[in-house]
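Chains as they are written, first to last, in the working numbering: chain A, 3 to 372; chain B, 44 to 408; chain G, 57 to 580. Everything below concerns the one structure shown next.
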Amino acid sequence: MPARILAGDAYLVTQGSGPYSINESLAENLTAQPWAQIVSAEILSLGTVRGEPVVVRAAEPGTFLVLEGGEWVQPAMVSDPTAYAGVGLVRRLGLAAGDNATVVGSSVPRIAFVHIAGIYRTATPANDELLVDFPLGRLLAGLGPAAFHSIRVRTSEPASLLSFLRGFGASVHVSGPNLPRADIASDPPTDERISNLILRTGIGGAPRDYLSTAVAEATSSVRVVAYGIAGLLGVLVAFGIHAVQARAFADRAPAVGVLRAIGAGNRWMRRRLLFESFPLALGAAALGAGLGFVAESWLQPNASLVIFGHEVLVSFDLTTFALVVLAVVATSMLSGLLLLRGAMATRPIESIRETPSVASPQSLEAILRG
Amino acid sequence: MARPVLRLATRFTRRTRATAWAIAFACMVLVGAMSLADGLADGIGSVTNRIGSGPAVYLQGNELLSSAIDSATLSNVTGDFVAMRAHVAILEINGLTLSVFVVALESYHGGIGTIVFPEGPRNVSLDVGLREQIEAESGMPVATSGNVSLFGLHLTDLPIVAPPPTRPDLFPDNWAYVRPDLLIAMNATQGGPVQAILADAPLDPAVLASLRLTRLETLGAIGFVRGSIAEVQSSLKLLALVIAVVIGLLVYAAMSLEVHARAREIATLRSLGASPATVAGVYEAQAFVLALAGAILGSALGIVAAHAVVSFAPVLGLPNLVILSPPIVAVGLALLLSLVAAGLAGLVPSRRAAVLVRTKGAVPS
Amino acid sequence: MPLTFSPLPFGIDGFALSRISSDIAARGGWRIEPADLNSYNQKLPGFSLLWSAVATLGGLSPLAHVQLVMPLLASLAVMPAYLFGVKATGRRLGGLVAGLFIVFFGSFLLLTSTPSKESIGLLIFPLAVLLFFERGDPRKRALSVVLLLFLAFLHPLTTLLTLGMTSALVVLAQRRAIARGRFSLRSFALDVATGPALAIPAWVYYTAVDLPFLAHLLAADALVLFLGIVILLTALIVPMARPARLRIGQRFVSPVARGILVPAIGVLVVLGNARGGLFAGAVGTQSGLLQLLPAIGVLAAFAVVGYQLVRRTTNRTNDLVVSMLVAPVALIVFGLLRGLDPESLLIVYRSVDFLDYAFAMVIGVAFVAAWKWLGPWRPAKAVLVAGFVGALLATTPMAWNTPAVFGVENVTTPQEFRALAVLVSFGAHNVTTDQRLADVGAMWFSYTADSSLPLKLRDNESLGGFQYALALERWTTVGAQEHPAPTVVVSAVVFENFLAENRIVYAAGPAGDRIFLVQLLSPT
């Protein structure tokens with residue numbers, strides 16, 4: 003699962019290859035540590051509700067909302083709540099507080115019913131999830147009593163977290179902001195590429211944790227396809243930019259020859275090209291990228307994109323905008339320099355001709371014999 | 044048409060090669076994008092099919108509690124299965140008022156249903172987990188009788204009996220079980236229909252179609268992945284449609300430019316004695332040839348690019364389940380789009396140019 | 057050189073081929089037995105039939121003497137290289153240089169030292185291509201057809217690549233004919249029928265004998281990918297029917313020409329496989345190969361220069377060079393794009409050596425051009441010769457030190473062979489060992505053994521179900537071979553404990569490199 007959904011901006015502690023360690027004992031001990039600001043033990047189940055993919059998270063509601071920076075839209079109305087729904091999920095499935103829904107098991111076949119007792123809102127992908135209690139979470143995930151899938155910890159002292167876990171004797175993997183994955187009393191996770199080969203071909207039996215591996219690789223697959231299509235479109239865009247610039251440059255090739263004939267150096271030519279074309283490229287790229295964001299925002303209310311149970315929200319991300327502009331400008335500059343290089347490779351007198359004169363090919367034997 | 048003129052019209056110059064490459068790149072994007080999108084669905088589908096799923100559970104619609112299968116039709120369903128009725132009820136017991144889920148199970152064999160438990164017509168069997176919850180909240184052992192409110196009716200002093208002797212792993216342990224007759228007797232309209240059919244093996248598709256049943260994937264991860272990919276697929280198909288339209292426009296523009304640049308050649312051909320129809324035909328043919336060459340080249344590029352993406356993604360930390368298959372539809376669409384767009388592009392300008400030359404009096408007819 | 061290590065075949069394929077040759081000699085005929093562990097090689101009887109005939113005529117032992125014949129094959133392979141070199145440069149110096157390259161280039165030397173189907177293939181395919189190139193003479197065309205048909209019974213990869221080369225020759229020739237207005241449908245049909253169309257009888261034969269190789273290539277997705285690559289490369293080589301346009305004032309050789317792309321990609325793949333294992337589940341690039349990169353770089357520089365000279369001038373070998381480069385490149389690209397798994401690695405590294413004759417030609421051209429350019433300056437010429445020969449000799453570890461360079465052991469010692477013979481002699485069942493010994497046992501003795509013993513020892517897994525084990529002391533040092541997976545090193549302590557817990561039935565070999573036949577007393 004994407005790290006953003008699994009961990010958010012907290013440190014994530016998951017089970018290692020040793021004895022089962024993600025349990026109530028570890029959670030309680032972590033909570034007691036002074037450097038642990040928030041500790042949220044959780045069980046993640048992937049399933050469907052009313053035919054739609056939904057992430058069902060078992061967690062303590064109060065802790066969960068603090069961690070996600072959320073708030074109650076409609077707090078629990080009965081004393082025995084079984085589930086809370088995020089606003090995004092409510093909107094997507096047409097749910098309301100007081101409704102009942104069927105949920106299914108994650109990695110084991112299960113059917114269960116939940117009563118939607120309250121509604122919450124967050125600004126994170128958790129807005130599209132269903133929050134349940136631990137007994138139901140364990141039922142859906144097939145976990146034993148007192149077991150969890152993961153523990154999220156918000157702390158400003160990750161070193162203390164690692165040190166504690168080593169001392170506790172837990173077999174875990176730890177990952178989080180600016181922290182390379184740490185394997186404590188555990189082998190590193192199975193080589194993903196071997197598991198991938200086994201899953202793709204079906205040869206070699208099932209890899210360890212095949213279901214979670216399959217889900218993880220399914221999310222990777224979506225990213226691969228998205229990046230691939232983006233890459234292909236990028237190639238087309240680059241080709242288009244180069245074609246347009248080549249057409250424009252074709253008329254100015256004689257000018258290049260004349261300038262060189264009257265003494266313009268190569269470096270001066272390149273500087274001139276960059277100076278003239280950079281503002282145009284920058285303006286065009288900014289305009290195009292801006293139009294893209296505008297179009298996206300205009301489409302957003304009517305055409306929401308839901309991926310793996312979470313709605314992809316449109317937001318003006320300065321980094322993405324800058325990257326797109328940078329890519330277009332760089333492509334334009336590179337294309338211009340390539341065209342100029344081609345023009346500079348010809349003698350000035352040749353560049354004024356409509357068709358470049360080429361040397362008649364010589365015989366290799368004649369060259370080698372002399 | 045004289046051979047030298049034909050050769051003149053069909054020669055590949057630097058400009059025509061550039062046009063063909065433009066068409067090729069456009070087709071590359073379409074074929075590559077559709078290959079990847081289809082490969083995603085195929086790959087995930089094959090893996091989830093191989094992993095398998097849990098017991099077959101069928102319902103009408105997409106929410107089990109809202110499903111209503113006519114019980115009279117169950118006798119037509121072949122094979123062994125369990126008919127399940129499930130409703131939300133209020134249970135009053137041990138001084139507590141609890142919201143519980145009341146379930147009634149009926150086993151069918153050879154079209155005939157039998158009810159295994161509870162034995163008595165008014166008995167309510169509380170499962171282990173529900174009993175523990177009642178005892179924990181009330182501090183007392185579970186009473187031997189209780190009240191149930193369901194369908195707007197309030198039934199009192201219902202015998203509370205032991206948990207069911209067996210329970211499928213599929214179910215949780217906090218349900219209350221009653222006989223189907225009780226539900227039917229309380230309200231035939233709401234209590235009569237069955238909410239779900241549970242079978243060990245998949246049912247006959249014809250039966251499913253006749254009863255308008257859909258399968259509920261009880262192994263949620265499989266359903267989650269399938270549903271997620273279906274969502275992505277619809278977005279990708281829309282994207283492919285947009286790309287197809289853009290490509291059509293690109294090809295049209297490229298060919299229009301190509302033919303426009305040939306205006307002088309058209310005049311030359313007319314002066315050599317070619318009729319307007321012949322000139323238009325020659326350039327139409329060239330447009331088709333260029334479009335075909337570009338589409339074939341572009342399809343090859345798209346196929347290779349898609350394989351490159353899928354092959355090298357794991358090296359970049361993205362092991363994936365995209366399994367590519369021959370993109371017949373994508374290639375066909377690329378060919379069709381290119382040929383139609385090129386044909387349209389070649390038609391209008393060349394006919395106009397051919398006619399214009401004649402009306403200018405450049406060539407005596 | 058291999059004979060200094062062991063008189064037995066260098067590489068495990070030799071055992072299979074010798075076994076089949078021996079069976080042919082014994083039976084007096086060739087037969088395919090689907091249940092036989094060597095059935096794959098039985099379906100490709102070219103080498104075995106030839107060797108069986110030679111061994112029978114010469115009174116030789118198919119197993120004991122096969123390695124003695126390999127130097128003869130290696131020396132014969134020089135001839136087509138010499139011919140190519142002379143054809144390309146018009147000078148015997150060019151032929152000498154091309155021949156030297158083929159003799160001493162480590163990767164090629166390894167193949168001609170190893171008894172395998174490819175060894176003869178590498179001798180026959182350049183002749184077939186050269187004869188097809190000169191198909192204007194009907195006798196040469198007929199002989200090329202014969203050789204192409206024979207190749208199908210020898211080695212499918214060689215057949216595929218040779219047919220690819222002939223197809224490229226046809227494309228180039230017809231492109232030239234169209235440009236000159238001399239296209240003839242009859243001539244085109246004849247070229248296709250005597251060249252690429254010979255894939256049909258090969259395909260029919262492979263389908264008839266159910267050759268696994270074909271199923272992988274003809275799987276729908278793989279075939280579409282391969283066709284896509286073929287279309288792209290065809291579009292790429294069509295303009296190569298003519299010399300590249302050289303603008304007035306432009307040099308013949310430029311350091312940033314496109315010709316540098318192919319060697320650059322090759323280096324990237326080698327380095328990429330060294331760092332993270334480009335091919336999942338397969339052995340990565342060994343440090344021994346990385347140490348050879350500078351020498352390979354020197355030879356690549358010669359090749360890039362020679363390629364540019366060939367492309368930018370008129371000559372008799374442009375078509376030969378282009379066609380002999382494009383076919384292996386197509387298969388290498390296919391191997392990289394079909395999915396980076398062990399099978400892809402196999403396709404890539406097996407295709408690389410089919411580039412060697414083209415490299416020999418262009419290196420010959422570059423050397424002769426440099427020789428001429430240096431004029432009367434003898435010290436510089438001496439440096440040129442020394443540099444070239446030195447670079448070539450520096451690549452020879454690829455042939456005689458395969459464990460360090462490729463992570464593969466090709467030597468089977470007489471002690472190992474004897475241990476396998478002992479195992480077979482008392483009819484032991486349920487034997488476990490490593491991949492190399494299991495394969496030798498299967499190929500020569502028709503003996504089935506499990507090949508996962510090193511993995512089980514490393515992972516402390518149970519050996520229940522096995523009665524005997526064949527273990528090598530070197531597993532604790534250089535590691536056990538589990539090709540194409542990486543070598544598995546077993547801890548010395550684990551190895552010693554394993555021997556102590558079970559009964560050693562047979563031991564042989566020098567200290568530090570002993571081989572043990574062990575009877576398993578209880579599940580580990």
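Backbone N, C-alpha and C define an ideal beta-carbon position, used for all residues, glycine too.
Which one of the options has the shortest CA to CA distance from residue i?
i, options, result
"valine 125 of chain B", "B:Leu246, B:Asp200 and B:Ala63", "B:Leu246"
"valine 404 of chain G", "G:Leu288, G:Val385, G:Thr170 and G:Leu573", "G:Val385"
"leucine 582 of chain G", "G:Ala541, G:Ser547 and G:Ser518", "Because chain G is modelled from 57 through 580, residue 582 of chain G falls outside the range shown and cannot be assessed."
"arginine 273 of chain A", "A:Ala250, A:Met335 and A:Leu325", "A:Met335"
"tryptophan 218 of chain B", "A:Leu138, A:Ile153, A:Ser19 and A:Gly267", "A:Leu138"
"arginine 406 of chain G", "G:Ala442, G:Lys99, G:Phe462 and G:Ile352", "G:Phe462"
"valine 131 of chain B", "B:Ser168, B:Arg57, B:Val143 and B:Asn137", "B:Val143"
"methionine 417 of chain G", "G:Val478, G:Phe164 and G:Leu376", "G:Leu376"
"leucine 348 of chain G", "G:Phe161, G:Arg195, G:Leu511 and G:Leu128", "G:Phe161"
"isoleucine 366 of chain B", "B:Ala356, B:Val374, B:Gly360 and B:Ala129", "B:Ala356"
"leucine 387 of chain B", "B:Thr121, B:Ser78, B:Arg210 and B:Ala328", "B:Ala328"
"alanine 129 of chain B", "B:Leu262, B:Phe214 and B:Met298", "B:Phe214"
"leucine 281 of chain G", "B:Ile227, B:Ser354, B:Ser181 and B:Ala99", "B:Ser354"
"leucine 361 of chain B", "A:Asn129, A:Gly71, A:Phe150 and A:Ala228", "A:Ala228"
"asparagine 97 of chain G", "G:Thr488, G:Phe209, G:Arg191 and G:Thr468", "G:Phe209"
Give every residue of the same chain whose Cβ lies closer than 6 Å to the Cβ of residue i, excluding the five residues on either side of it in the sequence, and list them in chain order.
i, result
"tyrosine 22 of chain A", "none"
"isoleucine 186 of chain A", "Leu167, Arg168 and Val174"
"alanine 249 of chain G", "none"
"leucine 216 of chain G", "none"
"alanine 130 of chain G", "Thr168"
Please classify residue i as buried or exposed, where buried requires at least 16 other C-beta atoms within 10 Å of its C-beta.
i, result
"serine 104 of chain G", "buried"
"threonine 62 of chain B", "buried"
"isoleucine 264 of chain A", "exposed"
"isoleucine 231 of chain A", "buried"
"histidine 539 of chain G", "buried"
"asparagine 102 of chain A", "buried"
"alanine 239 of chain G", "The sequence as given places phenylalanine at residue 239 of chain G; alanine does not occur at that position. Answer is exposed; the Cβ neighbour count stays below 16."
"glycine 568 of chain G", "exposed"
"tryptophan 456 of chain G", "buried"
Report the partner residues of residue i according to the DSSP bridge assignment.
i, result
"isoleucine 309 of chain B", "Paired residue(s): none; isoleucine 309 of chain B is not in a bridge."
"histidine 130 of chain B", "B:Val145"
"histidine 152 of chain B", "B:Ile155"
"glycine 234 of chain B", "DSSP lists no partner for glycine 234 of chain B."
"arginine 123 of chain A", "A:Glu73"
"glutamine 247 of chain A", "Bridge partners of glutamine 247 of chain A: none, in fact."
In chain order, what residues of the same chain have a beta carbon less than 7 Å from the beta carbon of residue i, not counting five sequence neighbours either side?
i, result
"leucine 77 of chain G", "A quick correction: the sequence has serine, not leucine, at residue 77 of chain G. These residues qualify, in order along the chain: Ser104, Trp107, Ser108, Ala111 and Pro118."
"glycine 291 of chain B", "Leu380 and Ala384"
"leucine 32 of chain A", "Ala38, Val41, Ile153 and Val155"
**OP:** Compile a chain-ordered list of the residues in the region 273-284 of chain B whose CB is closer than 8 Å to at least one CB of chain A.
**Re:** Listed in sequence order: Glu274, Val275, Ser278, Leu279 and Leu282.
**OP:** Determine which residues of the region 369-380 of chain G have a Cβ less than 9 Å from any Cβ of chain A, and write them out in chain order.
**Re:** For chain A, the residues of the region 369-380 of chain G that bring a beta carbon within less than 9 Å of one of its beta carbons are Thr369, Thr370, Asn371, Arg372, Thr373 and Asn374, in chain order.
Subject >> Contact set between the region 276-293 of chain G and chain B, restricted to residues whose Cβ is under 7 Å from the partner >> reply: Listed by position along the chain: Ala276, Asp277, Val280, Leu281, Gly284, Ile285, Ile287, Leu288 and Ala291.
**OP:** For the region 310-332 of chain A, enumerate the residues whose C-beta is nearer than 7 Å to any C-beta of chain B, in chain order.
**Re:** Legend: CB atoms of the region 310-332 of chain A lying less than 7 Å from CB atoms of chain B belong to residues Phe310 and Gly311.
Subject >> Contact list for the region 422-454 of chain G against chain A, Cβ threshold 7 Å >> reply: Of all residues in the region 422-454 of chain G, Val424, Ala425 and Lys428 have a Cβ within less than 7 Å of some Cβ in chain A.
**OP:** For the region 373-387 of chain B, enumerate the residues whose C-beta is nearer than 7 Å to any C-beta of chain G, in chain order.
**Re:** Against chain G - using a Cβ distance shorter than 7 Å - the region 373-387 of chain B contributes no residues.
Subject >> Members of the region 382-406 of chain G that neighbour chain A once the beta carbon cut-off is set at 7 Å >> reply: If the cut-off is 7 Å between Cβ atoms, the region 382-406 of chain G has Asp397 near chain A.
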